[in-house]
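Colleague: Residue numbers (our numbering): 421 to 635. All residues carry an ideal CB built from backbone N, CA and C; glycine is no exception. The following block contains the structure, expressed as structure tokens.
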């Protein structure tokens, strides 16, 4: 029986292409204009604020920021390396670094203004969401490296919670956080596939995406 599973590198590359095309469309068709569900979702959250939710969202603003996630990434990578999970450590570190770098480049290139009624200070521009990009990058990298229930639950919870918190704080459009989630996940897929390919070549192990076919 043939293996019909698409290689993760291909899936990741498609995801990256979608984000880049979306950025081009935003940059060339009206940077100031929300589209699709951007405005309705923004207005819905604007009308439903509560003190407890404000506190949680403000905490996530700090917890998911550059400094906090850099510390978390370094601690994870060092901890994995100490446990001799060298490929996994490299995967987490490279994924977060590359995803964050691509997010910054896209922000500069697309130059989409943020919503004007944000309730926390937010620098840079809006597309894609850096917080959501990093949330997806680190949790998807972990879920691929350690495909257990805990890692999948972490990704399934942390990514949407971070995304919604950015919309709730009114500093991103819905399309910004969707692009960020896709960007982070796609980079994780590409980086993991590349590192596994390198490891398979040097250690003469079959790549998980190219398992030998019995027959």
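What did DSSP end up calling residue 534 once you bin it into helix, strand or coil?
Modeller: Coil at residue 534, not helix or strand.
Colleague: The alpha helix (DSSP H) that contains residue 580, what's its start and end?
Modeller: 569 to 588
Colleague: Using the Cβ count rule (16 or more neighbours within 10 Å means buried), how would you classify residue 570?
Modeller: exposed
Colleague: Among residues of its own chain, excluding the 5 on either side of residue 519, which ones have a beta-carbon nearer than 8 Å to its beta-carbon?
Modeller: 553, 554, 556, 557, 603, 604, 607, 608
Colleague: Taking buried to mean at least 16 other C-beta atoms within 10 Å of its own C-beta, is residue 601 buried or exposed?
Modeller: Buried, by the Cβ-count rule.
Colleague: Within 10 Å of its beta-carbon, does residue 452 have 16 or more other beta-carbons around it, so buried, or fewer, so exposed?
Modeller: exposed
Colleague: With DSSP run on the structure shown, which of helix, strand or coil describes residue 527?
Modeller: helix
Colleague: Once DSSP output is grouped into helix, strand and coil, what is the label at residue 546?
Modeller: DSSP, reduced to helix, strand and coil, places residue 546 outside both helices and strands of the structure shown, so it counts as coil.
Colleague: For the alpha helix (DSSP H) containing residue 479, list its first residue and its last residue.
Modeller: 471 to 483
Colleague: How should residue 564 be labelled, buried or exposed, when 16 other C-beta atoms within 10 angstroms of its C-beta is the threshold for buried?
Modeller: buried
Colleague: Consult DSSP for residue 452 and reduce its assignment to one of helix, strand or coil.
Modeller: coil
Colleague: Leaving out the 5 sequence neighbours to the left and right, which residues in its chain are closer than 7 Å to residue 458 when beta-carbon positions are compared?
Modeller: 593, 594, 595
Colleague: Among the candidates 559, 436, 568, whose CA atom is the shortest distance from the CA of residue 579?
Modeller: Of the candidates 559, 436, 568, the residue whose Cα lies closest to the Cα of residue 579 is 559.
Colleague: State the DSSP-derived secondary structure class of residue 541, mapped to helix, strand or coil.
Modeller: Reduced to three states, the DSSP call for residue 541 is coil.
Colleague: Is the segment 440 to 448 in contact with the segment 522 to 536, if contact means three or more CB pairs nearer than 8 Å?
Modeller: yes
Colleague: State the Cα-Cα distance for the pair residue 391 and residue 503, rounded to the nearest angstrom.
Modeller: Limits of the chain in this structure are 421 at one end and 635 at the other, which puts residue 391 out of reach.
Colleague: With the cut-off set at 8 Å, would you say residue 612 and residue 575 are in Cβ contact?
Modeller: No. Outside cutoff.
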